[in-house]
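So the sequence shown is numbered by this note's numbering: it starts at 677 and just counts up by one. All residues carry an ideal CB built from backbone N, CA and C; glycine is no exception. Small disclaimer: the values here were computed from a predicted structure and weren't measured. Below is one structure, written out as structure tokens; the observations come after it.
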Amino acid sequence: MPNAIQSFPDVKLHNEIMAADGSVLPSWQAITSVMDQLDATQVERRQIDIARQLRANGIAYSPLSESDAAPRPWNLDLYPMVIEPADWAALSAGLEQRARLKQAILSDIYGHQNLLRKGLIPPAMVFAHKGYLRDAVNCDDSQSLPLFSADVSRSPSGRWYVVDDICQFPEGIGYSLENRLVLSRTLPRLFRNSRVLRIAEYFKHLQSYIGHLSEYDGRCVMLAPGPTHPHYFEYAYLSKYLGYTLVQVGDLTIRDNRAYIKTVSGLQRVAVIFRFINDTELDPLAIGQAGVRGITGLFQAVRAGGVKVINPLGAGVMENAALNSCMTRLCRELLGEDLRLPGPPTYWLGDDKQRNHVLGKLDKLLFRSIDSLGQLHDPRLMTAAELDRLHMNIRRTPQRFVAQERIDRSCAPGFRGTERVQRQVTVRLYMVRHDDGQTSHYQTMPGGLCLLDTVSEGRRPPFNSLIGSKDTWVIADGPVKPVTLLGKRSLENQYVLNGELPSRVAENLFWMGRNAARCENSARLLRSVFQVLQNDDVDSSTVSPVLSAILRATTQATGTLPGFIGRGGARKLENPEKELLSLLHDPERVGTLPSALSALQNSASAVRDRVSDELLQILNRLEDRRTKLVQNVNTALFTEDTDALEQTSDQLDDILMLLSAFSGLTHENFTHGDGWRFMMLGRRLDRVAQYSVIIDTMLSQERDDTLLLETLLKLFDSTMTYRSRYRSQMDASLVLQLLMLDEYNPRSLAFQLNEIEKTIRRLPGRRNLSQADDLSRLVIAGLSRIQLADTDSLINAARGSRQNLGKFLSVLSKLPNEMADVLSATYFAHVESSQQLSDVSANRTSVRKAEPNNAGSAS
677 MPNAIQSFPD VKLHNEIMAA DGSVLPSWQA ITSVMDQLDA TQVERRQIDI
727 ARQLRANGIA YSPLSESDAA PRPWNLDLYP MVIEPADWAA LSAGLEQRAR
777 LKQAILSDIY GHQNLLRKGL IPPAMVFAHK GYLRDAVNCD DSQSLPLFSA
827 DVSRSPSGRW YVVDDICQFP EGIGYSLENR LVLSRTLPRL FRNSRVLRIA
877 EYFKHLQSYI GHLSEYDGRC VMLAPGPTHP HYFEYAYLSK YLGYTLVQVG
927 DLTIRDNRAY IKTVSGLQRV AVIFRFINDT ELDPLAIGQA GVRGITGLFQ
977 AVRAGGVKVI NPLGAGVMEN AALNSCMTRL CRELLGEDLR LPGPPTYWLG
1027 DDKQRNHVLG KLDKLLFRSI DSLGQLHDPR LMTAAELDRL HMNIRRTPQR
1077 FVAQERIDRS CAPGFRGTER VQRQVTVRLY MVRHDDGQTS HYQTMPGGLC
1127 LLDTVSEGRR PPFNSLIGSK DTWVIADGPV KPVTLLGKRS LENQYVLNGE
1177 LPSRVAENLF WMGRNAARCE NSARLLRSVF QVLQNDDVDS STVSPVLSAI
1227 LRATTQATGT LPGFIGRGGA RKLENPEKEL LSLLHDPERV GTLPSALSAL
1277 QNSASAVRDR VSDELLQILN RLEDRRTKLV QNVNTALFTE DTDALEQTSD
1327 QLDDILMLLS AFSGLTHENF THGDGWRFMM LGRRLDRVAQ YSVIIDTMLS
1377 QERDDTLLLE TLLKLFDSTM TYRSRYRSQM DASLVLQLLM LDEYNPRSLA
1427 FQLNEIEKTI RRLPGRRNLS QADDLSRLVI AGLSRIQLAD TDSLINAARG
1477 SRQNLGKFLS VLSKLPNEMA DVLSATYFAH VESSQQLSDV SANRTSVRKA
1527 EPNNAGSAS
């Protein structure tokens, strides 16, 4: 390992692997000796394995936050960050003291406010911070701090200091967990031999703390932003690991000062909300909130004791960077101790003396708003206009700014590709309060999230622009015992919680089923097109009836009008290459195969916390195939290039195999509860609509063409069934019997409608239904139409078969959307978003409060 700090040649940084005398630290020595033996091929193989595991577990960045960008992979360095036992003892003790100090300050700010009265904390310093919530004053729950996190680093002198305090929620904790699981599997022997302390103990204490707050008839939910948030993958992964239901603000409501989750079974009580949303976005009725979104009445419910929120509302005020300027005296005042772990030297510009000192050496300091987290502005890198704007903002509201001394962070060995380099590091550490019945103290996770960046001179990039991360290995003095979350607990007085399917999740599962059916249908149609093109012996100057029928069916079923039907359709039938290329490769056109695969990914991302690891791998592979379709456009003429036809057919076969695996896993790996039923309903309803359109279109002009009937049977994967059952030549009446009316053929319309009827009878609120409602009547209408149908009359030319068949199938094709509308109104619909009182007054609108529905309403 080279000793030179390659990435920072002009800066003297503390090197994490070196002791004060220049020797390599013992724990680092054991690890570097192994890592230095890895050649470039071995390093690359392990890095590929890390990327594969991260992707298989669904860990990525920003899945939907950029409409034109794919998810960015989460980067994990092969080299761990190591902390020696003695070093860890001092660091964890300093963090424990800092957590107790923050707890004491928070209790005073929202309680008696003695520190403000005495001037130990200038009132303007607190009141200017957006995290200070007046609604939290004298609220008992807002005076505790069960979770505390901090970004720490080392100065060039080797001393630890706190870069930022993180007090609202433990951001990055899911990435920390995933880093540990992946790296311990990639380097199992090194991990085991290095005596690394286990981080699962932290999560056990976290679950225990939440469990003590929960009530027998309540549950804990994990409140986080939706799929458009950059960290959504982390939240989904963490909720699966901890076993808490992942919800969004729209999933919760307050009734009679109690919190409820809106499920398809009605309102379900929530006792604890483990939140990953900022204070200022939680309750639109609270003073100082950032907008109209949130859980209306949450503050009042917390005050009344109807729900607990972790971390408590108002904890964000403890992230105020200006508090660093008075932490030393506050520690002596509140704890009677000297501060062990300080922050960087900080000057609050609301103080005249400190402001005058800062303005005298502007270019030597870094500036930040007291509301920002880790975003430091460097005057040396600012333009003249930006400097003028900074001066103007400081003059207007000096109390909202601080200046900090430049302190470079330490560095540790790592990899850039297969090259060994030095990486600048910041370590994010997490703590949870632990009550053992007699005393209360903070338990530090023996590990954390090591963040990598290349920004020098004390500046820090925002979390979203970091270049990567490391797993943090805290080394033990002796043997390490394994830890698991699955401990033994008494089953006495255990309250089983059922019916926890949020309406939003049910809707996304429903659409995941529909989108999966659409992907399969599109792929089958396109594969049939290319099979016909491969076997078409008709002269190129004419279009065969079979090819014409399947192309028109493709346009109708995928909704890509005008396509082969509308204006210019005849010309496209003669030269179908351009339209087929669009259907295969265009991700922007609605109805194409890439578009359908993208819709499936989006709906699956919204329920990622409920998707099994195996199903997630299938979704990843489907995304790879979609990317390949979009990026590798085959411009060869299909009618002239047989190799292009074969390659495209192979691609479609591969996609269909993955979709079949998806279908199988949804049957075998999903619990067959309400969520699964909604997913199956989506699949069955979409099949009814698609199958009706395909049969109608393909048989609208030709009914006796043997090749056309064979193609239709292949499309429905029913050729073998037809031959084994009828043992005769192709007959349109028998084909319709098999594809429409046969209740035992899993590809028939009758089978889909029978399954829909069975599934609907088992939906929440319908198991004891005494009389038919709108949804039941629609299903009965479809089933009756199928059961009373006569295939001979439908295809009898003398009795107007085409018209009869068209009307028959037209009615069936409309039923799924009508049923979907009823399902949405019954189970998926949410109440309207809350509004600020000022907005209501300005709009002069009357608002009627909706009554809770106890039988299957989502509102």
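- Query: Grouping DSSP H, G and I as helix and E and B as strand, with all else coil, what is Trp-1149?
  - Reply: strand
- Item | Tyr-837 in three-state terms, based on DSSP | strand
- As assigned by DSSP and simplified to three states, the class of Glu-891: coil
- So what does DSSP say about Val-1159, is it helix, strand or coil? coil
- Task: Give the DSSP-derived three-state secondary structure of Leu-1052 in the structure shown.
- Result: Secondary structure of Leu-1052 (DSSP, three-state): coil.
- Report yes or no: do the stretch 816-836 and the stretch 987-1001 share at least 3 C-beta pairs separated by less than 8 Å? yes
- Query: Using a Cβ-Cβ cut-off of 7 Å (strictly less than) and excluding sequence neighbours within five positions of Leu-740, which residues of its own chain qualify?
  - Reply: Caution applies to Leu-740, whose pLDDT of 42 falls short of 50 and renders its modelled position unreliable; the value that the coordinates give is listed next. Cβ neighbours of Leu-740 beyond the five flanking positions: Pro-903, Thr-904, Asn-1278 and Ser-1281.
- Query: Should Thr-1022 and Ser-1001 be called a contact, given that it needs their Cβ atoms to be closer than 8 Å?
  - Reply: yes
- Item | Spatially closest choice to Arg-969 from Ser-941, Asp-932 and Gly-926, by CA coordinates | Gly-926
- Contact check, Val-1205 vs Thr-1231 under 8 Å by CB: the rounded distance? With 8 Å as the limit, Val-1205 and Thr-1231 do not qualify as a contact, their Cβ atoms being about 11 Å apart.
- Message: Please state the DSSP three-state secondary structure of Met-1121.
- Response: Coil, per DSSP.
- Determine which residues share a DSSP beta bridge with Asn-691 and list them. Cys-1087
- Where does Gly-807 sit, in a helix, a strand or coil, going by DSSP? coil
- C-alpha gap between Arg-1453 and Arg-1353, whole angstroms: The straight-line gap from Cα to Cα measures roughly 19 Å.
- Item | Length at least 4, wholly inside the stretch 1304-1360: the alpha helix (DSSP H) runs in chain order | 1318-1344
- With contact counted as at least three CB pairs below 8 Å, one residue from each stretch, are the stretch 844-861 and the stretch 1026-1037 in contact? no
- What residues match up with Phe-879 in a beta bridge as DSSP calls it? In the DSSP output, where bridge partners are listed per residue, Phe-879 has none listed.
- Query: Cβ of Phe-1043 within 8 Å of Cβ of Phe-1077?
  - Reply: yes
- In three-state terms, what does DSSP make of Ser-1198? helix
- Item | Residue environment, Gln-924, which counts as buried when at least 16 other CB atoms sit within 10 Å | buried
- Message: Mapping the DSSP letters down to three states, classify Asp-1466 as helix, strand or coil.
- Response: coil
- Query: CB-CB under 6 Å to Ile-759, same chain, minus the five flanking residues each way: which ones, in chain order?
  - Reply: Cβ within range, chain order: Val-1150.
- Query: Could you give the C-beta distance for Leu-1410 and Phe-1338, rounded to a whole number, given that I count them as a contact under 8 Å?
  - Reply: That pair is no contact at about 32 Å.
- Item | Burial state of Lys-1434, where buried means 16 or more other Cβ atoms lie within 10 Å | exposed
- Query: How many angstroms separate the CA atom of Asn-1493 from the CA atom of Leu-1361?
  - Reply: Between Asn-1493 and Leu-1361, the C-alpha separation is close to 8 Å.
- Query: Closest to Cys-1007 by CA distance: which of Gly-982, Ile-797, Leu-928 and Gln-1119 is it?
  - Reply: Ile-797
- Message: DSSP has Gln-1080 in a bridge; who is on the other side?
- Response: Thr-1022 and Leu-1042
- Message: Tell me the residue span of the alpha helix (DSSP H) that contains Cys-1007.
- Response: 1003-1010
- Would you check if the stretch 832-840 and the stretch 889-897 touch, i.e. whether three or more CB-CB distances between them fall below 8 Å? Touching, no, given that fewer than three Cβ pairs across the two stretches are closer than 8 Å.
- Hey, could you find the ends of the beta strand (DSSP E) Thr-1102 is sitting in? From DSSP, the beta strand (DSSP E) with Thr-1102 extends over 1095-1111.
- Compare the beta carbon distance of Ala-1448 and Ile-1456 with 8 Å and say whether it is the shorter of the two. yes
- Touching by the beta-carbon criterion (3+ pairs, under 8 Å), the stretch 1254-1273 and the stretch 1292-1304: Proximity of the stretch 1254-1273 to the stretch 1292-1304 meets the contact definition, three or more beta-carbon pairs being nearer than 8 Å.
- Identify, in the order they occur along the chain, each residue of the same chain with its Cβ nearer than 6 Å to the Cβ of Ile-886, setting aside the five sequence neighbours on each side. Cys-896 and Val-948
- Three-state secondary structure (DSSP) at Thr-929? It is a strand residue.
- Message: If contact is defined by three or more beta carbon pairs under 8 Å, each pair taking one atom from either stretch, is the stretch 1415-1435 in contact with the stretch 1231-1245?
- Response: no
- Reducing DSSP to helix, strand and coil, say where Pro-756 ends up. coil
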